[in-house]
Amino acid sequence: MTKDEAEQLSIALMQIVGILDQSIMFVRDKDDEANGLQYRRAAGKVMAGIFMNLEEPLWERFPELRPRRMGGPYRVSPEIYEPLFYERYGDVEENDE
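FYI, the numbering for the sequence shown is 1035 to 1131, going by the working numbering.
1) Can we say the stretch 1041 to 1048 touches the stretch 1087 to 1103, given the rule of at least three CB pairs closer than 8 Å?
2) Between LEU1036 and ARG1074, what straight-line distance do the alpha-carbon atoms span, to the nearest angstrom?
3) Bridge partners for PRO1101 per DSSP, in chain order?
4) Tell me, to the nearest whole angstrom, how far the beta carbon of ILE1114 is from that of MET1048; I am working on the premise that it is less than 8 Å.
5) Using a threshold of 8 Å, state whether the C-beta atoms of GLU1098 and TYR1108 are closer than that.
6) Which complete alpha helix (DSSP H) runs does the stretch 1054 to 1101 hold, if anything under 4 residues is left out?
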């Protein structure tokens, strides 16, 4: 795998995690508290699996692709997450990833 291909894969995985994160907010806002908690736990396990089993090994091979928010040098463009699946207005903060 080339660095460019690894970057494409890393971005795709970050997009998947981003959509899962948005889906947690969606369920939290649209469903009852018990279902929201159950969904958040299940989605969190999936997100952790993506991080530990897919992203981390990729970043070990290509450390220059590790995002700044994870202690690396790679600057993630917020545009990779657009269009948003769900955004809770008033709850959004600007991040320097």
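All C-beta atoms, glycine included, are put in the ideal place defined by N, C-alpha and C. All values derive from a computational prediction rather than experimental measurement.
Judging by the given coordinates:
1) Cβ pair count under 8 Å is three or more, so yes.
2) Per the sequence shown, the amino acid found at residue 1036 is Thr instead of Leu. Roughly 35 Å between the two C-alpha positions.
3) DSSP lists TYR1108 as partners of PRO1101.
4) 6 Å between Cβ atoms; contact.
5) Closer than 8 Å, so yes.
6) Entirely contained in the stretch 1054 to 1101, the alpha helix (DSSP H) runs reaching 4 residues are, in chain order, 1067 to 1084 and 1090 to 1095.
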